[in-house]
Each structure stands twice: as C-alpha cells, then as structure tokens.
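First up is the structure itself, then whatever we jot down about it.
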Amino acid sequence: MQENQPSAKKYEYYTRQILNDNRIRKYLEKYFNLYELRIKPEEQLLGKKTKTKWKVDAYGHDINNHLIVIECKHYKNNIKQSLMGAFAYTLQDLNAKGGIFITSTGFQAGAIKIAKTEKINLLKIDYNSTDTDFVVHFSSNKTQPSHAIAAFTDQLNGVSGMDGKMVVTQYPLDEAQKQLQQRTGRTQFSSDEINEEIANILKEV
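For the sequence shown, full-length UniProt numbering gives the first residue as 1, with consecutive numbering after it.
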C-alpha cells in the first residue's frame, strides 16, 4: 500500500464529498451525462430479480430519477474484469440506469471492455485525495484516463494567483505525463509527482 493514504472507509467518504462538490458535478454532466446527481452514503438496496440485498458504497438519482450506483475501491492493484463483471450484475439486479466505478489505481483492459458494454462510467480519484485537495481523473474508456480535474486549497498555496483559495482546473493529463516522461525517462509516476506537475502547469497559466 502507498504511504499517506486514507483508510478504505475514509477514501469512500472523501469520494462521496468530492462527487457532491458543485464544481465537480459539472464534469459529471460533461463526461458522464449525469445531471443533478446527488450522492447518498452506503446503503443496502433490494434486488428486483433475486430479492436479495446489495450493499452499495454509494448511490444517487439523476435528473430523471434513474438509479445510479457507485462502487468505490481503494486498491493497490488495477481493477480486474471479474470485479467489474460482479458490479455489472449488481446494476442489472437493481435495475439501475447506470453506475460509476471509482478506484485509486486503474482498470485492467477486460474491466474497461465490460464497463463500456454495460454503460459503467470509470473514474479515478488519487489515493491521497481529501474532500478539499484532490485530483479526479475522468476516463474515456481507455487504459489511461484522458483528463484530470484538480482542486486544491492550501496544498498549492504557493502557486501564483491561488492565495489559498480552492481552484479547480482542467488539463490534458496525457500532456502532463508526456512532460514528466521527457524529464525523467520513466513512464510511471506517483500521485505526488502528478500533483507537482499540476503546480507547474498552473504557474504557466
């Protein structure tokens, strides 16, 4: 496990707070077409076919009152297709309109294929995120997410123009990773390195 990361329960709590943040909700609309989605905490929901109860990490209803179920996994390894398949079945039994699968790592190729087929939206929230300082990666059904939404308060207080206020910025993650790769010669980067690169990008804005 990585250092300075919250517990699984704390990560789930922060995730719910982040998704309910009005500044992030507009990106749920932009990337996932989910409007006025309000996230509710962990609950047991009754399956329509099996009549069994499913414990879900979070859930909500969109603008059309359709059920959206959220799965949140604070794992060290990428999400496997078997876990994504189990989530897909849960959505079917709950007659949910769709789902959001959130992880602190990433997704295996098979998991991404299942998500695309079953209309499951993929999201990565960095392992050391809190409800005030976070990086949210919106995936486009690719192995590597295509964009990240960063929000920081005092963590980047030294960046010109931020003045300790929360700032939300969107930037092309692929370009940030490319810059890091050119400087270091590596292809894998920690969240701290990504966060530092965000600071560099913000300085240039």
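Even glycine gets a Cβ: it sits at the ideal position worked out from N, Cα and C.
Every value quoted in this text rests on a predicted model; they were computed, and no experiment measured them.
Between the CA atoms of residue j and residue i - distance to the nearest angstrom
i, j, result
"D126", "F134", "7 Å"
"I70", "K97", "12 Å"
"Y14", "T130", "6 Å"
"Y75", "Q179", "27 Å"
"K40", "G185", "43 Å"
"residue 206", "D93", "Not covered by the structure: residue 206. The range shown for the chain is 1 to 205."
"R183", "S190", "15 Å"
"S82", "Y31", "25 Å"
"A86", "E118", "11 Å"
"L34", "Y59", "13 Å"
"L28", "H66", "15 Å"
"V205", "L19", "At V205 the pLDDT is 42, less than 50, meaning the model places this residue with poor confidence; the figure from the coordinates comes in the next sentence. Looking at the two C-alpha atoms, the distance is approximately 26 Å."
Residue i CB to nearest heavy atom of the ligand MN below 7 Å
i, result
"K53", "By its list of ligands, the structure shown contains no ligand whatsoever, and the ligand MN lies outside what it can speak to."
Proximity winner among the options, relative to residue i (alpha-carbon distances)
i, options, result
"Q44", "I24, Y75, W54, R38", "W54"
"E12", "K113, I120, K30, V56", "V56"
"T187", "E193, Q177, T90", "Q177"
"K26", "M84, G110, D62", "D62"
"residue 213", "L91, K80, S104", "Because the chain is modelled from 1 through 205, residue 213 falls outside the range shown and cannot be assessed."
"T52", "I102, N95, K10", "N95"
Distance between beta carbons of residue j and residue i, contact taken as under 8 Å
i, j, result
"L123", "I100", "6 Å"
"I24", "V136", "6 Å"
"N78", "G106", "5 Å"
Reduced DSSP secondary structure (H/G/I, E/B, other) of residue i
i, result
"L122", "strand"
"I24", "helix"
"F87", "helix"
"F32", "helix"
"L94", "coil"
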